[in-house]
Amino acid sequence: MQEIITLYRKKAAFTGEVLEHKGKQFVVTHIFNIEKSVDYPDYLAIDAVCQEVGAASDYEEYEPVFTFEERYDLSKVAEPRLFERVGEVYWDEGLCGMITNILDVKYDTGYLIVELESKLIEPWSNEQIQRFVKYNRVGKLSVIEGKSDSNPQE
2 MQEIITLYRK
12 KAAFTGEVLE
22 HKGKQFVVTH
32 IFNIEKSVDY
42 PDYLAIDAVC
52 QEVGAASDYE
62 EYEPVFTFEE
72 RYDLSKVAEP
82 RLFERVGEVY
92 WDEGLCGMIT
102 NILDVKYDTG
112 YLIVELESKL
122 IEPWSNEQIQ
132 RFVKYNRVGK
142 LSVIEGKSDS
152 NPQE
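Okay, so the sequence shown: first residue is 2 according to the working numbering, each after it adds one.
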């Protein structure tokens, strides 16, 4: 299961980072946008594709590259509108994809019809995810001095 999460940071963000979101553990797999935050001064807004730890993915059930059509009713557009752009990342039903090409643009009785090509962002394997979860866990452990009942020198 993938999600697009916006991280607000003063410090670094990196792929493989483990984070908590909505009570679940996620690993950052792709960072696709960095901007100065409008909501939090002195922070960056970092948009990332994150994968839920332990959640199954149905990525194999879909074509990795596919086309789809978007229809825009131009009669209802009162102000300039942003249309899909190449490189735009989106979320749909637990998977993330990226628009890779605009194949066709045409008009049809008040509608703008745009045919787009998209590529699914492949989720990381469970082994990759677990490697970063383990690394994160080990990084948080600290050694404290003490004595053990199994210490033969005492």
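For every residue, glycine included, the Cβ atom is placed at its ideal position computed from N, Cα and C.
Please read all numbers here as calculations on a predicted model, not as lab measurements.
Express the C-alpha separation of Y91 and I6 in angstroms, rounding to a whole number. 11 Å
Is the stretch 119-127 in contact with the stretch 89-109, if contact means three or more CB pairs nearer than 8 Å? Here the stretch 119-127 makes contact with the stretch 89-109; the two share three or more CB pairs at distances below 8 Å.
Proximity to D59 [Cα-Cα], best of V139, R132, K135, S126: S126
Beta-carbon proximity check, A49 vs A14, cutoff 8 Å: yes
Using the three-state DSSP reduction, which class does R10 fall into: helix, strand or coil? strand
On the DSSP bridge assignment, give the partners of I156 in chain order. In the structure displayed, the chain extends from 2 to 155; residue 156 sits before or after that span and is not available.
Do you know whose CA, among R132, E18, D74, Y41, lies nearest K11's CA? Y41
What do you get for I47, buried or exposed, if any count of 16 or more other CB atoms within 10 angstroms of its CB means buried? buried
Heavy atom of the ligand SAH within 7 Å of V28 beta-carbon: Among the ligands in the structure shown, none appear at all, so the ligand SAH cannot be discussed.
Any idea what DSSP makes of L75, helix, strand or coil? helix
Using a threshold of 8 Å, state whether the C-beta atoms of E70 and I103 are closer than that. no
Using DSSP's beta-bridge definition, name the partner residues of Y108. L113
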